[in-house]
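Asks: Residue numbers for the sequence shown follow full-length UniProt numbering, so the first one is 1 and each next one is one higher.
Below is the structure I would like to discuss, written out as structure tokens.
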Amino acid sequence: MLLVPFCAVLDWLAYPTHFREFVLLRILCSAMCIPLLLALDRPWAARYHRVYPVILPLLPALAICLMIYFSGDGSSSYYAGLMLCLVGTSFVFHWTFREIGITVALVLLFYFAATIPNLRYDGHLSSIGLFINNTLFILLTCVILYCGSRQHHAIRLREFVNRCKVEAQREELSRRNEELSATLKRLRETEAQLNQSEKLASIGRLSAGIVHEINNPLNFVKSALFVLKKKTKNLPPETVESLGLILTDIGEGVDRVASIVSDLRTFAHPENKGSSPVNLSQTVAKVNRLMAKQIGDAEALLHCEVPADLIAFGDENHIIQILINLVQNSLDALQGHPHPEITLSAMQEGDELVLRVRDNGTGIPEEHLQRIFDPFFTTKEVGQGMGLGLSLCYRMMQGMNGSITAASQTGTFTEFTLRFKPAAAPAAA
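Below, the structure written as structure tokens:
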């Protein structure tokens, strides 16, 4: 549009008598087009964005047709300006078929209105022939624009379809990747559980054999110790005193071995009374009562956040035993903590009931967290535990078709998560 006034040199060469009028007409045309172009980035212009492809070529086309009319030359070569308007605008705006039809019809109407009144038959057909020639060129230009628009529309449509297909394939690939990642994660978890189960089963069989081999000699030692204690009564007092201390130490050692054998027996053959509906709120309340003295001695706070309507399917005695073990472990980890706290919370997550035991103790190091459910793994000092507690918890949760996992952050917290199958019917009070 800025070039329209500069083309006035053509007016000076072709129609010098109308030079001044044509220059003013060109300036007026540009003055009308420039505000329209500057308004393209305005918010309100978005509502009329399809009007611009029609108005912008019509303004210079109208100006050219007025020049043709005022020149009085029906075969004017200014018809080429009309083609430039159409072609130039088609490069800037991607016309629709409707816009092409409206624009071409109006341009032809302007052209015929400007030329037909100025056609004169002077005995020669040269002027009329030039008019027909010019009209054919304009029509051919319109046909080319129409075909080009159709081709461009087809290319854009094909590109849009391909882009939609690529986007759909990308989304499908992303979804498949997520499914694959989730499947791999489940496979790793299942593999870890199978390895843990095989490990526990192997150690359970080994423990059963050890219990059988140790239990008989241990009974012989107990019997012999009982006989020795009776025999020492007939000895002199000074001998009885020295032997009594020795026999007491032997008895304590035998009791320790018996306790270890009992733990091994429980680990190898955990008692299973069968699963039934268990009210988790009532079970946690029982654990609170059973551990009240230990919690009080440790000056710890026990928070119970278990809804009364959560009914799990499992063995209540096993659940109590598991919770007592976990609470006791938390109390051991909270020794020396200025504000020891333990939280027992439960909720329903999907088709599972989740019970969590969390403390604000020192946490478990990452290298130990992967082994805490291994039999005989313990970080306690010698004589304070065999490392069978969490392994036994793991086996009991498996026996109830549940699971137990641990999460920890050193110096911040430790949290054990128990997952149960929900029961269809509530437990009896």
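Glycine residues also receive a C-beta, built at the ideal position from the N, C-alpha and C atoms.
How would you label Cys-33, buried or exposed, when you count the other beta carbons within 10 angstroms and need 16 or more for buried?
Replies: Buried is the call here.
Asks: Quick check: the Cα distance between Gly-314 and Leu-390, rounded to an integer number of angstroms?
Replies: Computed Cα separation, rounded: 18 Å.
Asks: Identify the residues that DSSP records as bridge partners of Cys-304: which are they?
Replies: According to DSSP, which records beta bridges pairwise, Cys-304 is partnered with Leu-344.
Asks: Spell out the partners DSSP gives Arg-419 in its beta bridges.
Replies: DSSP lists Val-354, Ser-403 as partners of Arg-419.
Asks: Per the contact definition of three or more C-beta pairs closer than 8 Å, is the region 396-407 in contact with the region 294-311?
Replies: No, they do not touch.
Asks: Using 8 Å as the threshold, is the region 340-354 in touch with the region 365-375, meaning 3 or more CB pairs across them?
Replies: Result no; under three Cβ-Cβ pairs closer than 8 Å.
Asks: Would you call the region 410-420 and the region 310-324 touching, i.e. three or more CB-CB distances under 8 Å?
Replies: These segments touch.
Asks: Can you give the Cα-Cα distance for Asp-249 and Glu-238, rounded to whole angstroms?
Replies: Spanning the two alpha carbons is a distance of roughly 17 Å.
Asks: With burial defined as no fewer than 16 other Cβ atoms inside 10 Å of the residue's Cβ, what is the status of Cys-85: buried or exposed?
Replies: Buried, by the Cβ-count rule.
Asks: First and last residue of the alpha helix (DSSP H) that includes Val-9?
Replies: Run containing Val-9: 8-14, per the alpha helix (DSSP H) assignment.
Asks: What residue range is occupied by the uninterrupted alpha helix (DSSP H) comprising Ile-27?
Replies: Element bounds for Ile-27: 19-38.
Asks: Within 10 angstroms of the Cβ of Glu-252, are there 16 or more other Cβ atoms? Answer buried if so, exposed if not.
Replies: Counting Cβ neighbours within 10 Å, Glu-252 comes out exposed, since fewer than 16 surround it.
Asks: Three-state secondary structure (DSSP) at Thr-412?
Replies: Thr-412 falls in the coil class under three-state DSSP.
Asks: Between Asn-177, Gln-409, Leu-280, Asp-73, which has its C-alpha nearest residue 432's C-alpha?
Replies: With the chain represented from 1 up to 429, any question about residue 432 goes unanswered, as that position is not in the structure.
Asks: On the DSSP bridge assignment, give the partners of Phe-313 in chain order.
Replies: Paired residue(s): Pro-277, Lys-421.
Asks: Tell me, to the nearest whole angstrom, how far the beta carbon of Glu-316 is from that of Thr-283; I am working on the premise that it is less than 8 Å.
Replies: Indeed, because the Cβ distance is near 6 Å, the residues count as touching under 8 Å.
Asks: Give every residue of the same chain whose Cβ lies closer than 8 Å to the Cβ of Met-83, excluding the five residues on either side of it in the sequence, and list them in chain order.
Replies: Closer than 8 Å at Cβ, skipping near neighbours: Phe-137, Ile-138, Thr-141.
Asks: Check this for me: beta carbons of Thr-362 and Gly-411, under 8 Å apart or not?
Replies: Cβ distance < 8 Å, so Thr-362 and Gly-411 count as in contact.
Asks: Nearest to Thr-378 by CA position, among Asn-329, Lys-165, Leu-58, is which residue?
Replies: The candidate whose alpha carbon is nearest that of Thr-378 is Asn-329.
Asks: Among residues of its own chain, excluding the 5 on either side of His-134, which ones have a beta-carbon nearer than 7 Å to its beta-carbon?
Replies: For the sequence presented, residue 134 should be read as Asn rather than His. Excluding positions up to five away in sequence, the list reads Ser-75, Tyr-79.
Asks: Alpha carbon to alpha carbon, what distance is there between Val-87 and Glu-99?
Replies: Distance between the alpha carbons of Glu-99 and Val-87: 14 Å.
Asks: By how many angstroms is the C-alpha of Val-51 removed from the C-alpha of Tyr-146?
Replies: When rounded, the distance between both Cα atoms is 18 Å.
Asks: Roughly how many whole angstroms lie between the Cα atoms of Gln-388 and Ser-403?
Replies: The sequence as given places Leu at residue 388; Gln does not occur at that position. Whole-angstrom Cα-Cα distance: 17 Å.
Asks: Tell me which residue opens and which closes the alpha helix (DSSP H) that Glu-366 is part of.
Replies: That run of the alpha helix (DSSP H) goes 366-369.
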